[in-house]
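Protein chains in written order, with the working numbering: chain H, 3 to 675; chain L, 3 to 675.
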């Protein structure tokens, strides 16, 4: 194991990252035990909770069942190809790690939601926040832990079996990214279609046609809507971040391998392991501050973990004989950039004054839905500028210090404390679900107020998380593309028409996939609408509350629609690099990746931020501004929110996956081109 | 004049293009004389016509007045800089040529519109089509002629004075592009803001608040709305095409100069001159076929001119000793590609069946405005794929035959028959105006039916024209960027972080400018709404039709708002290459141009097509589908149309200008970097 010889930082051993991953997983299980100690609630709550839990479980199992043959084909094709069985093994391990993380996260979240609602009713805000945050933390810890267990374990195994052949090790590890990407594709795109078709469908029939409030238990679609939060915003988001997290490490390892530098190959794993420790500390900080103020507690967690991580990373690099401080500056750039992007996102989507972007969108509702759409799109478009300038800054500074490796390690720096970031991110949907459960089970309005305030806080943190996820995905993808150029040794000159042809082709792909996923949500929502209408028509006494709706049927429809509709975008993501790479060549493929990257990042930011801003503009009106609920202004704001739903929760997030899948597939097939 | 020695194709002399330009201009004046022979109409029509004519004239004069100091600064700065006074002269000539073309086009269109309305009333469809088509043809001929007069004249002058120093000649000619771009910036962006603020403002108050129909003479904003068609869709569009037309020639000349090939330098001018001849033939064909069917007549013109042009170009290159046939294949690629892009645009925006994209958007109106927006955006997004694949194909094929020069000459091939393309394009707004005049002057409904059918045809041709304009602008800009890389001799490697930084920065600029122009329309429309509301409130008897509205005041407001609001996007377009070029460097600037090009083309297509599709979806409902006018479905479709207005007529078209201004400014400052 000569690869580690020069890399002695404190007590770190080659198995370190793997072991830290195991520790993180144990902590996640401990949190699960903690949650389960709290009371589930009255029978009505238990019943609703079980329906959501079961629906989410069925969706994920169905999803994994469809994924399995796809993965088998990938693994076998890879194994029998010149890429070999090591890469094939990595694909399997990558997929398994991501799937396990997502499943545990979803499983725990659907246990935490009922307990949050019950805690809000019985004990108040503080305990409700604790439980929902623990629920989110399990997802966060699972992402970080499973990443370290899977990638860290494979790394040590490959180093042992391949006798320090750097490039072969790096090449085999790339399979891990493919596996993680495949799961992310299904979870995030499928989950995104599920959650929004259920949401839009339930809302359109329930609120508008039947005239019953949101989350009303008579609406057959509400369980599906709540299931959607868990499979889309928790498991889906988790698989998205997992992919970026591992992608950043894999890309850094690949670039380090082309430099034949074993220390730099190990550095990303070391950083991720440190970051998981710091996330655990951060989760503790949030827990200890909950009694003061939820907002303050979450903010402390968001900022303290990266700061501790940076101190830790700086010191350990300073004391490493073979790793220069320059690398630390790149890491610092990435971590600071990630926070900046989050804050910018918050500005555009989280405002609550008349002068804020959100306030202006709400005001434009006074002249009807058209102006709400125009102003929301306008906010979405301008909101891409600052985050992308930050990304450009990260690229410029990180490569100044560390060359192309800098981009990879900056992404690792941004993503190291993913445990806490993801925890804060996933807490929102848990609180949102708790609110839905409170409403459906007829808890008193004070309970709903508590869950609403938690949810609102969660919306802002979710927006920050989305901005962060996009930034991280962009950097991770860029690092993978950089690795691609290093591995293929192609010269991608912008004055080369082949590069331009590829770039134009690549630029269209995010628009194509966005269009397909938006249409998919519309179509699936339409099926949902038909079913809800049918139930209202055919089940006697349903609207009067005397009969139960067939909620399972709605979950079923959303599940099937989602998984059917994600096949086409999935195929585009996986096949486009293969078709262009083998059909045209590596140079065109390189150009395509650059064009797709730019398009994906631009659209992802625009859609996520416009969607978030519309959502909050509607909430802003609902708080009583511009006349509040029931006015024309409110109806106009609802139109914006409905358009924003597939933007922010389906098409937008799909962009992260799309570019990462395209990049990692390209990197894997690079040696064959 | 050794530069022409080896270039003897038939009777062509160095002064050929200039002389052909003069001939074209004479034909334009002849058409003007023809139009003026037709009766203007009754006093009511004359009065309305005069108001529109005057409003348009005032707008353009105000616009040119503001432009003048900007141009003076540009000319002087350039003259005193190392670029020198030849380039400065070219800037002045370029601006003057474009300004003259736009002014004549607008002037004639506002003479043709009243005569079209009167002809529709007195003589029927055939004569109405002739007059409106002649009105549009004047704009088309002016664009082609003034381009040849200006650029052709300067070319001969520089060749004479510079003693065959190719690179200096090419460099001086680039100034022409800067001048043309500056005018386009003001005309297209300012005109776009004018036309849509007037349109949206007049519609929102008139139709929705006051409950009076479109183009009702009681609405103080309708004159401004009709003025907008002339300054935005005719003069603005003309300046846009003028810029691409000359940009393509200038870029080809610049690339040919780096190859030290005088024959290839002259080729674009020769092609453009041939194209103008073919356009004249095409105009004749349309005129002769009008009696059969308007649709057939326009289609004949659209296809015959390019075919004749290609035969002409093929033969003359075949018989030229120093120009290889390979160049012809590149020209062919460009011309065919332009037609393909037009047809694809027609598919996405011009459908009239239930299964067409337009029909599906209309159907989505049954579930409200939100689904109309989602489906329209979805159509807009997917509609970018095919045109961009065509552009990628043009790049691939044209460079295969002719290297980077191929992109330039393909763009020239696409744009050579601009006379007829622009004629068909500009005919639509003339017919639209005629319809408005018919409505305002209370002509009988049969007249309106005639103008409506002409307008509808015009809408489709305008959509084709927009697709064509985007494709041409993209290729022209790409050619200019290619010239930039040849002149600066920078190596723009995608693996170079500086290129990536530039690319990300560049990618944000189209989003920034789109956001600004959309907000500008909203703000300006709001001022318009306030004024219209004030007039309805303060002018006694206005709503009862007993008093005249103060239409001039509304024109004034739109003029000031438009010109004020276009300064920021204009400044971004001109300054961003200067700031990045001198602040970061030529490599970052090259990356920025690539990112901006990709972003501009993607957004331009998406916005133009989504806007066109929404527009036609509303018309589709108005024809009685899904319940027709007055239904909820119609209201939903109107929301889509209102969102589409700034998309297709302001922000979308601004993208063409934006990338061309950025590219030409970069090319001009290239020697200084």
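By construction, the Cβ of each residue, glycine as well, lies at the ideal position given by its N, Cα and C atoms.
Model, not experiment: these values are computed from the prediction.
Original post:
What do you get for residue 67/H, buried or exposed, if any count of 16 or more other CB atoms within 10 angstroms of its CB means buried?
Top reply: The residue you call residue 67/H lines up with position 65 of the first chain. Flag for residue 67/H reads exposed.
Subject >> Whole-number beta carbon distance between residue 204/L and residue 226/L, since they are thought to touch under 8 angstroms >> reply: Start at 1 with the first residue of the second chain, and residue 226/L comes out as number 224. Start at 1 with the first residue of the second chain, and residue 204/L comes out as number 202. At roughly 7 angstroms, the Cβ-Cβ gap stays under 8 angstroms, so residue 226/L and residue 204/L are in contact.
Subject >> Start and end residues, alpha helix (DSSP H) containing residue 46/L >> reply: The residue labelled residue 46/L in the question sits at position 44 within the second chain. From DSSP, the alpha helix (DSSP H) with residue 46/L extends over 45-82.
**OP:** Answer yes or no: does any C-beta atom of chain L fall closer than 9 angstroms to that of residue 185/H?
**Re:** Within the first chain, numbered from 1, the residue matching residue 185/H stands at position 183. By this cut-off, residue 185/H is not an interface position.
**OP:** Please classify residue 1/L: does DSSP put it in a helix, a strand, or coil?
**Re:** For chain L, the structure presents residues 3 to 675; residue 1/L sits outside this window and is missing.
Subject >> Straight-line gap, residue 585/L to residue 394/H (C-alpha atoms, nearest Å) >> reply: As a first step, residue 585/L is located in the second chain; it is residue number 583 there, counting from the start. As a first step, residue 394/H is located in the first chain; it is residue number 392 there, counting from the start. About 15 angstroms.
Original post:
Nearest CA to the CA of residue 473/L: which residue from 369/L, 463/L, 129/L and 391/L?
Top reply: The residue given as residue 473/L occupies position 471 in the second chain. Per the Cα distances, 391/L.
**OP:** Give the DSSP-derived three-state secondary structure of residue 17/L in the structure shown.
**Re:** Within the second chain, residue 17/L is the residue found at index 15, counting from 1. DSSP places residue 17/L in coil when its eight states are reduced to three.
Subject >> Endpoints, alpha helix (DSSP H) assigned at residue 441/H >> reply: Here residue 441/H refers to the residue found at position 439 of the first chain. Note, residue 441/H: alpha helix (DSSP H), 420-442.
Original post:
DSSP three-state call for residue 5/H: helix, strand or coil?
Top reply: Against the first chain, residue 5/H aligns to sequence position 3. Unreliable positioning characterises residue 5/H in this predicted model, as indicated by a pLDDT of 38, which lies under 50. A coordinate reading is not provided.
Original post:
Which residues mark the beginning and the end of the alpha helix (DSSP H) in which residue 357/H is found?
Top reply: In the first chain, counting from the first residue as 1, residue 357/H sits at position 355. No alpha helix (DSSP H) contains residue 357/H, which DSSP labels as neither H nor E.
**OP:** Identify, in the order they occur along the chain, each residue of the same chain with its Cβ nearer than 6 angstroms to the Cβ of residue 9/H, setting aside the five sequence neighbours on each side.
**Re:** Start at 1 with the first residue of the first chain, and residue 9/H comes out as number 7. Residue placement at residue 9/H cannot be trusted, given a pLDDT of 46 that sits under 50; the coordinates are not used to answer.
Original post:
Mind checking if residue 246/L is an interface residue toward chain H, Cβ cutoff 9 angstroms exclusive?
Top reply: Position 244 of the second chain, counting from 1, holds the residue named residue 246/L. No, no contact with chain H.
Original post:
So what's residue 542/L in DSSP terms, helix, strand or just coil?
Top reply: Within the second chain, the letter at position 540 stands for residue 542/L. Here residue 542/L sits in coil by DSSP.
**OP:** Work out the CA separation of residue 333/L and residue 415/L for me, nearest whole Å.
**Re:** Counted from its first residue, the second chain places residue 415/L at position 413. Counted from its first residue, the second chain places residue 333/L at position 331. Looking at the two C-alpha atoms, the distance is approximately 5 angstroms.
**OP:** Can you have a look at residue 657/L and say buried or exposed, based on whether 16 or more other CB atoms are within 10 angstroms of its CB?
**Re:** By one-based count along the second chain, residue 657/L stands at place 655. By the neighbour-count rule (16 or more Cβ atoms within 10 Å), residue 657/L is buried.
**OP:** Could you work out which residues of chain L lie near residue 608/H, taking near to mean beta carbons separated by less than 7 angstroms?
**Re:** Stepping through the first chain from its first residue, residue 608/H is reached at position 606. Correct list: 513.
**OP:** For residue 577/H, count neighbouring Cβ atoms within 10 angstroms of its own Cβ and tell me buried if that reaches 16, exposed if not.
**Re:** The residue labelled residue 577/H in the question sits at position 575 within the first chain. Exposed, since its Cβ has fewer than 16 Cβ neighbours within 10 Å.
Subject >> Three-state secondary structure (DSSP) of residue 334/L >> reply: Residue numbering aside, residue 334/L sits at position 332 when the second chain is read from its first letter. Helix at residue 334/L.
**OP:** Would you give the residue range spanned by the alpha helix (DSSP H) that residue 614/H belongs to?
**Re:** Start at 1 with the first residue of the first chain, and residue 614/H comes out as number 612. Unbroken alpha helix (DSSP H) run through residue 614/H: 588-624.
Original post:
Can you tell me whether DSSP reads residue 261/H as helix, strand or coil?
Top reply: As a working note, residue 261/H is residue 259 in the first chain. DSSP places residue 261/H in coil when its eight states are reduced to three.
**OP:** Could you tell me how far apart the beta carbons of residue 659/H and residue 249/H are, in whole angstroms, since I believe they sit closer than 8 angstroms?
**Re:** In the first chain, counting from the first residue as 1, residue 659/H sits at position 657. In the first chain, counting from the first residue as 1, residue 249/H sits at position 247. With 8 angstroms as the limit, residue 659/H and residue 249/H do not qualify as a contact, their Cβ atoms being about 11 angstroms apart.
Original post:
Taking Cβ to Cβ, would you say residue 663/H is nearer than 9 angstroms to residue 89/H?
Top reply: The sequence position of residue 663/H within the first chain is 661, counting from 1. The sequence position of residue 89/H within the first chain is 87, counting from 1. Against a cut-off of 9 angstroms, the Cβ pair of residue 89/H and residue 663/H comes out as no contact.
**OP:** Please compile the residues from chain L whose C-beta is within a distance smaller than 7 angstroms of the C-beta of residue 424/H.
**Re:** The sequence position of residue 424/H within the first chain is 422, counting from 1. Ordered by position in chain L, no residue passes the 7 angstroms Cβ test against residue 424/H, which lies about 25 angstroms from the chain.
Original post:
Is it a yes or a no for the stretch 148-158 of chain L touching the stretch 486-499 of chain L, going by three-plus beta-carbon pairs under 8 angstroms?
Top reply: no
Original post:
Rounded C-beta distance between residue 519/H and residue 206/L? I'm assuming under 8 angstroms.
Top reply: Residue mapping note: residue 519/H aligns to position 517 of the first chain, counting from 1. Residue mapping note: residue 206/L aligns to position 204 of the second chain, counting from 1. Contact doesn't hold; Cβ gap of about 32 angstroms is too wide.
Original post:
Does any CB atom of chain B fall closer than 9 angstroms to the CB of residue 191/L?
Top reply: Within the model displayed, chain B is absent; protein chains H and L are what it includes.
Original post:
For residue 424/H, which residues from the same chain have a beta carbon less than 7 angstroms from its beta carbon, with the 5 sequence-adjacent residues on both sides left out?
Top reply: As a working mapping, residue 424/H is identified with position 422 in the first chain. Result list for residue 424/H: 141, 142, 145, 240 and 243, in chain order.
Original post:
Near residue 148/L, which residues of its chain fall below 8 angstroms by C-beta distance, leaving aside the five closest residues on each side in sequence?
Top reply: The sequence position of residue 148/L within the second chain is 146, counting from 1. Excluding residues within five positions, the ones whose Cβ falls inside 8 angstroms are 23, 27, 99, 100, 102, 103 and 244.
**OP:** Compute the beta-carbon to beta-carbon distance between residue 477/L and residue 412/L, rounded to the nearest angstrom, for a pair I have assumed lies under 8 angstroms.
**Re:** Start at 1 with the first residue of the second chain, and residue 477/L comes out as number 475. Start at 1 with the first residue of the second chain, and residue 412/L comes out as number 410. That pair is a contact at about 6 angstroms.
**OP:** Using a Cβ-Cβ cut-off of less than 8 angstroms, give me the residues of the stretch 458-479 of chain L that come near chain H, in sequence order.
**Re:** none
Original post:
For chain H, is any of its Cβ atoms less than 9 angstroms away from the one on residue 601/L?
Top reply: As a working note, residue 601/L is residue 599 in the second chain. Judged by the 9 angstroms Cβ criterion, residue 601/L is in contact with chain H.
Original post:
Where residue 16/H and residue 611/H are concerned, what is the direct C-alpha to C-alpha distance, given to the nearest angstrom?
Top reply: For the purposes of this step, residue 16/H is taken as the residue at position 14 of the first chain. For the purposes of this step, residue 611/H is taken as the residue at position 609 of the first chain. Their Cα atoms are separated by approximately 41 angstroms.
Original post:
To the nearest angstrom, how far is it from the Cα of residue 291/H to the Cα of residue 298/H?
Top reply: Taking the first residue of the first chain as 1, we reach residue 291/H at position 289. Taking the first residue of the first chain as 1, we reach residue 298/H at position 296. Approximately 7 angstroms between the Cα atoms of the pair.
**OP:** Ignore the nearest five residues each way along the sequence and tell me which others in residue 71/H's own chain have a CB closer than 7 angstroms to its CB.
**Re:** Start at 1 with the first residue of the first chain, and residue 71/H comes out as number 69. Cβ neighbours of residue 71/H beyond the five flanking positions: none.
Original post:
Closest to residue 97/L by CA distance: which of 180/L, 34/L, 40/L and 557/L is it?
Top reply: Within the second chain, residue 97/L is the residue found at index 95, counting from 1. Residue 180/L is the option with its Cα nearest to residue 97/L.
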